[in-house]
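Participant:
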Amino acid sequence: MRSVLEVCVDSTASALAAKRGGADRLELCADLIVGGTTPSLTLVQQVKAETGLPVRALLRPRFGDFCYDSYELAQMEQLAAELVEAGADGIVTGVLTPEGALDAGAMQPIYAAARKAAEKAGRPVACTLHRAFDVCADPFAALETAREMGLCTILTSGQAASAPQGAALLRQLTERAGKDVEILAGAGVSAQNIPVLAAQTGVRAFHLSGKQVLQSRMTFRREGVPMGLPGFSEFEVWQTSEEKVRAARQALDNL
Numbered sequence: 016m017r018s019v020l021e022v023c024v025d026s027t028a029s030a031l032a033a034k035r036g037g038a039d040r041l042e043l044c045a046d047l048i049v050g051g052t053t054p055s056l057t058l059v060q061q062v063k064a065e066t067g068l069p070v071r072a073l074l075r076p077r078f079g080d081f082c083y084d085s086y087e088l089a090q091m092e093q094l095a096a097e098l099v100e101a102g103a104d105g106i107v108t109g110v111l112t113p114e115g116a117l118d119a120g121a122m123q124p125i126y127a128a129a130r131k132a133a134e135k136a137g138r139p140v141a142c143t144l145h146r147a148f149d150v151c152a153d154p155f156a157a158l159e160t161a162r163e164m165g166l167c168t169i170l171t172s173g174q175a176a177s178a179p180q181g182a183a184l185l186r187q188l189t190e191r192a193g194k195d196v197e198i199l200a201g202a203g204v205s206a207q208n209i210p211v212l213a214a215q216t217g218v219r220a221f222h223l224s225g226k227q228v229l230q231s232r233m234t235f236r237r238e239g240v241p242m243g244l245p246g247f248s249e250f251e252v253w254q255t256s257e258e259k260v261r262a263a264r265q266a267l268d269n270l
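Residue numbers (this note's numbering): 16 to 270.
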């Protein structure tokens with residue numbers, strides 16, 4: 016199985032850094048600092064035009080849990096089509112029931128909208144289940160549901176805080192998924208642990224942000240006026256490091 020490096024980005028600058036570092040494809044989102052939310056259509060168009068890489072767009076209307084109300088689900092269905100129309104090559108999403116099962120009934124219309132838009136555009140679309148999988152009640156039941164829905168990828172840390180901590184479950188999932196579903200290991204993945212993770216789990220697809228913290232270009236700074244989450248500086252920018260992506264690429268190529 017060919018090794019795949021997917022880099023999660025939330026800006027065009029990060030997308031370009033990921034491309035220079037050797038990413039195979041991008042997961043595009045907004046607000047990576049809170050785990051990612053749906054990117055704007057303009058960002059999808061720009062990243063696709065500037066990089067030419069396969070782009071899978073995150074479809075997550077807000078941060079927090081993955082149990083959505085009817086308004087959010089209606090938004091997600093419409094946005095699934097719009098993201099594909101804007102150029103996204105795939106949709107990355109997931110919905111859970113209050114009891115922690117994959118909500119196939121809620122997910123089907125969302126993926127169907129993406130597939131219909133892709134068919135209209137005359138191209139395929141990759142349908143991915145994101146890390147809602149990692150907080151579901153039964154990972155093996157969720158895997159079978161994803162298989163039945165025709166999903167191509169599950170992004171997972173093995174239901175742990177990081178992929179290295181979830182290595183045992185990642186191996187089981189890889190074995191059960193076979194060639195039907197790509198198990199994409201994410202969370203805490205780096206060039207340093209890719210070789211061990213690959214050996215422990217059999218996973219050959221890895222997801223990382225390769226982020227670095229850069230200082231703002233602002234020279235005038237009014238301190239003590241936070242704009243959002245407490246504890247985060249308004250004068251720091253999180254951005255993908257080309258060097259970290261390149262190191263991960265080399266680690267994968269050496270497997």
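By construction, the Cβ of each residue, glycine as well, lies at the ideal position given by its N, Cα and C atoms.
How many whole angstroms separate the CB atoms of alanine 206 and alanine 262, which I take to be in contact at a CB cut-off of 8 Å?
Facilitator: Between alanine 262 and alanine 206 the Cβ distance is about 4 Å, and since that is below 8 Å, they are a contact.
Participant: Looking only at C-alpha atoms, which of Ala156, Lys135, Met164 sits nearest to threonine 143?
Facilitator: For threonine 143, the nearest C-alpha among the options comes from Met164.
Participant: Let me know the secondary structure DSSP gives leucine 166 once reduced to three states.
Facilitator: DSSP places leucine 166 in coil when its eight states are reduced to three.
Participant: Rounded to whole angstroms, what's the CA-CA distance from glutamate 258 to alanine 28? Just pull it up for me.
Facilitator: The alpha-carbon atoms of glutamate 258 and alanine 28 are separated by roughly 14 Å.
Participant: Identify which residue in Ala220, Asp46, Phe250 has its Cα closest to the Cα of threonine 234.
Facilitator: Measuring from the Cα of threonine 234, the nearest candidate turns out to be Phe250.
Participant: Excluding five sequence neighbours on each side, which residues of the same chain lie with their C-beta closer than 7 Å to the C-beta of arginine 191?
Facilitator: Answer for arginine 191: Phe155, Leu158, listed in chain order.
Participant: To the nearest angstrom, report how far apart leucine 188 and leucine 74 are at their CA atoms.
Facilitator: Those two C-alpha atoms are separated by around 24 Å.
Participant: Please name the residue, chosen from Thr108, Arg138, Asp80, that lies closest to alanine 100 on a Cα-to-Cα basis.
Facilitator: At residue 100 the sequence reads glutamate, which differs from the alanine that was named. When only C-alpha atoms are compared, the closest one is Arg138.
Participant: Can you tell me whether proline 241 is buried or exposed? The criterion is at least 16 other CB atoms within 10 Å of its CB, across all chains shown.
Facilitator: Classification for proline 241: exposed.
Participant: So, is glycine 239 buried or exposed, given that buried needs 16 or more other C-beta atoms within 10 angstroms?
Facilitator: With fewer than 16 Cβ atoms within 10 Å of its Cβ, glycine 239 is classed as exposed.
Participant: Among Met122, Ala103, Asp104, Ile106, whose alpha-carbon lies nearest the alpha-carbon of threonine 112?
Facilitator: Minimum Cα distance to threonine 112 is reached at Met122.
Participant: Mind checking whether the beta-carbon of threonine 57 lies closer than 7 Å to any heavy atom of the ligand SAH?
Facilitator: This structure does not include the ligand SAH; it has no bound ligands of any sort.
Participant: What are the boundary residues of the beta strand (DSSP E) that includes glutamine 254?
Facilitator: Start and end: 251-255.
Participant: If you draw a straight line from the C-alpha of leucine 223 to the C-alpha of leucine 184, how long is it?
Facilitator: Those two C-alpha atoms are separated by around 19 Å.
Participant: Quick one: grab the DSSP three-state call for lysine 226.
Facilitator: Lysine 226 falls in the strand class under three-state DSSP.
Participant: When DSSP labels each residue in this structure, what does threonine 216 get in the three-state scheme?
Facilitator: Note: threonine 216 maps to helix in three-state DSSP.
Participant: For valine 110 versus phenylalanine 148, is the C-beta distance shorter than 8 Å?
Facilitator: Not in contact: valine 110 and phenylalanine 148 (Cβ atoms no closer than 8 Å).
Participant: Should the segment 86-93 be called in touch with the segment 27-45, which here means at least 3 C-beta pairs below 8 Å?
Facilitator: Touching, no, given that fewer than three Cβ pairs across the two stretches are closer than 8 Å.
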